[in-house]
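Just so you know, we're using our numbering here: the sequence shown kicks off at 2 and counts up by one.
Even for Gly, the Cβ is constructed at its ideal location relative to N, Cα and C.
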Amino acid sequence: MTESITFSVVVWKEGKLQIAWSPELDIASQGKTVEDAISNLKEAIELYLEDEDAKIPADRLSAFLTTLSVETHAKAEACVGP
Numbered sequence: 002m003t004e005s006i007t008f009s010v011v012v013w014k015e016g017k018l019q020i021a022w023s024p025e026l027d028i029a030s031q032g033k034t035v036e037d038a039i040s041n042l043k044e045a046i047e048l049y050l051e052d053e054d055a056k057i058p059a060d061r062l063s064a065f066l067t068t069l070s071v072e073t074h075a076k077a078e079a080c081v082g083p
């Protein structure tokens, strides 16, 4: 019997690549597109979970994504990517 487990994924761009990272497992992968990066991360997680010594954090369900706002100063300049 197989079980489905949901993990958080954070995606960001570095240069020409998209990076996908699972904070609960601290596993990352990359790809040319967001979809490729997530697909590659899924494969990396599945390979990790095949190991009988793989550890799945018990508190993995406590991860969440949020945002916060801060005041900028005159010296701060917004960075605009290519």
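CB Trp22 to CB Val35, shorter than 8 Å?
For the 8 Å CB-CB criterion, Trp22 and Val35 do not form a contact.
*Run the CB neighbour count on Leu26, radius 10 Å, all protein chains shown included, and call it buried at 16 or more, exposed below.*
Counting Cβ neighbours within 10 Å, Leu26 comes out buried, since at least 16 surround it.
Q. Which whole-angstrom value is the C-beta distance of Ile39 and Val12, which I expect to be below 8 Å?
A. Taking a contact as a CB-CB distance under 8 Å, the pair Ile39 and Val12 counts as one, their CB atoms being some 7 Å apart.
- prompt: Would Ser70 be called buried (16 or more neighbouring beta carbons within 10 Å of its own) or exposed?
  reply: Per the 10 Å Cβ criterion, exposed.
Ser30 bridges to which residues according to DSSP?
-> Ala21
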